[in-house]
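As numbered in the working numbering, residues 1 to 120 make up the sequence shown, in order.
Notes for the one structure printed next.
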Amino acid sequence: PNRPAFRRPRRPSSRAGAMIQFEVECETRIGEAVAVLGSGPCGDWDLGRGLQLEPERYPIWTGHADASGAGPLEFKYAIVGTEGSARRLIRWETDGPNRRVDPAALGARVVVLHHVFGDT
């Protein structure tokens, strides 16, 4: 069965629980995109299930993930190749520690994360 390599970000709905809005500044080349890979709604570290962000205000890439009941999340940004039918990992933002966020601990319905690719 054909399935997309990445989930496209969905807009938050008024009925959704905790929502994470990712905004990361990253310059890319033609045929590349930025993705969020991590625990829970970030694809459980599976490249095929990661959240591909959109360059709505390039070089700012944005996307949303439903984090309702997910608990603390760990994630990293990655540059991925978008040419062809299969996505491929080009590079992680860093070899350092994972980024972390706990929407429930913040007590907000929408958590907006502003990052620069590679600055951890």
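C-beta atoms are modelled at their ideal positions from N, C-alpha and C, and glycine is treated no differently.
- Between Glu23 and Leu113 a beta carbon distance of about 7 Å is seen, short of the 8 Å cut, so the two are scored as contacting.
- If you draw a straight line from the Cα of Ile79 to the Cα of Ile60, it comes to about 13 Å.
- Nearest neighbour of Gln21 by Cα position, chosen from Arg88, Ala65 and Glu27, turns out to be Ala65.
- Looking at the backbone, the Cα of Gly71 and that of Gly38 are separated by about 13 Å.
- With 16 or more other Cβ atoms from the protein chains shown falling within 10 Å of its own Cβ, Pro41 counts as buried.
- Taking the CA atoms as reference points, Tyr58 sits about 24 Å from Gly43.
- Within the model, the alpha-carbon separation for Val110 versus Glu54 is close to 18 Å.
- A residue is called buried when at least 16 other Cβ atoms come within 10 angstroms of its Cβ; Val36 meets this threshold and is buried.
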